[in-house]
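Q:
Residue numbers (this note's numbering): 103 to 338.
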């Protein structure tokens with residue numbers, strides 16, 4: 103049954119995503135708010151498909167910590183659903199994305215229209231300065247900047263290496279950081295199978311601004327990895 107349900111969801115995923123992407127081409131000349139609404143609709147459709155085709159519910163915890171205005175969110179990264187979901191869960195999510203993704207037809211165009219923060223990971227210090235500058239601009243637009251501190255997807259049960267980009271944003275923006283733990287990798291692993299269960303996103307209490315770099319990084323990693331481990335154990 104899991105193979106059939108996973109196949110049905112994959113079929114729905116591609117049909118829904120291609121349809122939405124093509125319709126959204128018509129919104130490219132329109133104000134960004136239309137694009138934001140379209141991305142949210144697409145994301146909500148995926149959540150619907152997971153529930154009714156794959157048997158995977160989506161649960162949000164820590165509602166009182168889920169940001170609604172200008173905010174910096176540091177999230178665990180286990181699957182692409184970590185990204186897709188936030189368009190439905192946050193009012194105006196903005197992601198830090200690799201420059202290479204701009205080369206993907208349609209996807210790259212929508213990324214630019216949505217005002218994603220594009221970084222060239224080969225640029226080192228120059229890329230870091232651009233990251234901070236663009237994040238400041240997005241904060242002025244009352245957006246939620248979501249960054250994955252590990253920089254790439256990790257496997258369930260394996261804490262990753264947190265990169266310096268989040269520390270630079272924390273220092274320069276002088277804002278609290280909302281950690282986001284999740285267990286997406288349990289139910290949206292690599293490959294095509296989608297084991298049924300409940301994907302949980304847990305927004306944790308914000309880390310206050312003003313901590314020293316080392317203290318901040320230790321606190322961030324401890325909070326995210328500890329909560330993520332508990333969610334993984336719950337989902338396995």
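Just so you know, even glycine gets a beta-carbon here, dropped at the ideal spot from N, CA and C.
Grab the span of the alpha helix (DSSP H) containing residue 317 for me, first residue to last.
A: Along the chain shown, one-based indexing puts residue 317 at 215. Unbroken alpha helix (DSSP H) run through residue 317: 315 to 337.
Q: Are the segment 227 to 235 and the segment 166 to 177 touching by the rule of at least three beta carbon pairs closer than 8 Å?
A: Output reads no: the segment 166 to 177 does not touch the segment 227 to 235.
Q: Can you tell me which of 290, 129, 263 puts its alpha carbon nearest to the alpha carbon of residue 324?
A: Position 222 of the chain shown holds residue 324. Minimum Cα distance to residue 324 is reached at 263.
Q: So residue 200 and residue 235 are supposed to be a Cβ contact under 8 Å. How far apart are they, rounded?
A: Locating residue 200 in the chain shown gives position 98, where the first residue counts as 1. Locating residue 235 in the chain shown gives position 133, where the first residue counts as 1. Wrong, their Cβ atoms sit about 17 Å apart, outside the cutoff.
Q: In its own chain, which residues sit with a C-beta less than 6 Å from the C-beta of residue 253, not counting the 5 before and 5 after it?
A: What you label residue 253 is simply residue 151 of the chain shown in a count that begins at 1. Taken in chain order, the residues that qualify are 265.
Q: Tell me whether residue 200 sits in a helix, a strand or coil according to DSSP, three-state version.
A: To locate residue 200, count along the chain shown from 1; it is residue 98. The answer is strand: DSSP assigns residue 200 an E or B state.
Q: Taking the alpha carbon of residue 187 as the point to measure from, which residue in 217, 204, 152 has its own alpha carbon closest?
A: Within the chain shown, the letter at position 85 stands for residue 187. Checking every option, the nearest Cα to that of residue 187 belongs to 152.
Q: Looking at the secondary structure, which residues open and close the alpha helix (DSSP H) in which residue 299 lies?
A: Here residue 299 is taken as the residue at index 197 of the chain shown, counted from 1. Segment 299 to 305 is the beta strand (DSSP E) holding residue 299; no alpha helix (DSSP H) there.
Q: So is residue 149 in contact with chain B if we call contact Cβ pairs under 7 Å?
A: The structure shown contains no chain B; it holds only a single protein chain.
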